[in-house]
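Reading through the structure tokens given below for one structure.
In our numbering, the protein residues as written are 30 to 372.
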């Protein structure tokens with residue numbers, strides 16, 4: 030036993046004590062995610078029993094198709110919240126991307142393939158600028174990104190106060206394209222992009238030094254600095270990543286709506302935050318999983334679908350339900366946050 034425990038005590042004296050904390054650590058970290066997955070299964074199961082035609086592969090895929098842009102932006106938001114920050118500008122950046130794309134393609138006759146890299150660069154640069162201001166001047170992320178929200182939304186109306194419809198054949202073809210999955214089920218290009226972004230996000234979060242640094246900053250920034258981690262650079266990159274995801278979500282939103290408008294994606298930043306929190310990521314940072322964000326987005330989509338299938342409820346019940354869920358998951362976070370921090 031000296032090789033295992035460093036003493037000559039009997040195995041029974043140490044095995045339970047060692048196993049107990051390990052299981053408690055596992056439970057504390059996985060319970061919010063397990064609750065999220067269980068809630069989604071319960072909600073989808075209820076819909077399958079209550080409404081005919083609800084239980085089908087296409088209804089499930091439609092949750093991704095209709096919320097692809099939300100999933101993309103929520104991936105970026107997850108990294109920001111994991112690092113202990115917040116980004117309120119994402120909805121306005123989406124609107125700005127739709128306006129810039131529509132104006133360039135329709136009014137200036139740009140190719141969609143030339144417009145795409147420009148708007149992605151625009152969103153990434155916008156996010157990086159916010160991250161630099163937060164890191165360089167030690168400003169509160171809430172204030173900086175709130176200013177960014179107003180700025181991006183205002184820039185939309187400098188382009189046009191009216192909606193700009195996109196009649197470009199390339200945009201229309203991509204928007205209507207479907208990827209067959211058999212059994213009369215199909216997936217849109219936007220949903221495929223969202224799944225690729227999610228997979229890339231999972232890899233970055235759990236298999237790169239950048240991801241590990243993000244978790245360390247969210248866990249305790251001062252400790253991350255003392256460990257010699259590149260905290261300043263990572264903070265800027267986190268907001269740049271959020272800006273990139275917002276811009277890409279804007280591209281997906283443009284394909285979904287085939288228009289640019291300054292009022293697109295109003296309040297989407299709150300939906301993204303709700304999806305991340307419902308997915309089990311702690312608002313204080315340092316703990317969370319992108320898989321949880323996926324199920325958070327699916328839960329929001331399922332609520333909308335259930336209300337649509339019911340047909341008698343006002344669409345405002347979507348907001349009421351999301352608000353109640355958010356309160357419940359915030360309370361759940363408080364219950365488990367102390368245990369997680371001890372692990």
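Idealized CB from N, CA, C, for every residue including glycine.
Residue closest to residue i, alpha-carbon to alpha-carbon, out of the options
i	options	result
residue 242	264, 303, 279	264
residue 311	247, 301, 281, 79	247
residue 205	284, 238, 357, 86	284
residue 327	167, 198, 59, 224	224
residue 245	108, 75, 95, 98	108
residue 381	337, 336, 341, 178	For the chain, the structure presents residues 30 to 372; residue 381 sits outside this window and is missing.
residue 79	337, 357, 355	337
residue 200	213, 217, 191	217
residue 290	82, 76, 171, 121	121
residue 315	188, 114, 256, 262	114
residue 137	193, 90, 116	193
residue 258	273, 275, 240, 355	240
residue 294	357, 141, 119	119
residue 215	174, 176, 207	207
residue 354	64, 296, 58	64
residue 171	298, 320, 339	298
residue 59	357, 320, 342	320
residue 71	324, 144, 91, 105	324
residue 309	362, 220, 212, 274	362
residue 272	181, 186, 89	181
residue 222	104, 331, 167	104
residue 183	126, 86, 167	126
residue 220	236, 203, 232	203
residue 196	135, 269, 231, 165	135
residue 175	82, 296, 141, 359	296
residue 209	191, 90, 83	90
residue 73	358, 335, 364	335
residue 238	262, 251, 227	262
Three-way DSSP call (helix, strand, coil) for residue i in this model
i	result
residue 158	helix
residue 206	coil
residue 275	helix
residue 193	strand
residue 350	helix
residue 183	helix
residue 216	strand
residue 52	Low confidence applies to residue 52: its pLDDT is 42, below 50, so where it sits in the model is not reliable, and the reading given next is rough at best. Looking at residue 52 - three-state DSSP - the assignment turns out to be helix.
residue 211	strand
residue 112	coil
residue 169	coil
residue 175	helix
residue 142	helix
residue 343	coil
residue 357	helix
residue 310	coil
residue 61	helix
residue 106	helix
residue 286	helix
residue 365	helix
residue 316	coil
residue 136	helix
residue 150	helix
residue 257	coil
residue 34	Confidence at residue 34 is low in this model, with a pLDDT of 40, below 50, so the placement of that residue should be treated as unreliable; the coordinate-derived value is given next. Reduced to three states, the DSSP call for residue 34 is helix.
Segment limits, alpha helix (DSSP H) that includes residue i
i	result
residue 125	119 to 131
residue 238	238 to 248
residue 337	319 to 339
residue 305	297 to 307
Extent of the continuous beta strand (DSSP E) run through residue i
i	result
residue 292	Where residue 292 is concerned, there is no enclosing beta strand (DSSP E), given that its DSSP letter is neither H nor E.
Neighbour flag for residue i against chain B, beta carbons, 8 Å
i	result
residue 154	No chain B appears in the structure shown, which is made up of a single protein chain.
>> Restricting to runs no shorter than 3 residues, where is the beta strand (DSSP E) found entirely within the region 65 to 101?
In response: none
> Per the contact definition of three or more C-beta pairs closer than 8 Å, is the region 121 to 138 in contact with the region 266 to 286?
Replying inline: yes
> Does the count of Cβ pairs from the region 350 to 357 and the region 82 to 101 closer than 8 Å reach three?
Replying inline: no
> If we count Cβ pairs, one from each stretch, closer than 8 Å, do we get three or more for the region 294 to 308 versus the region 149 to 168?
Replying inline: no
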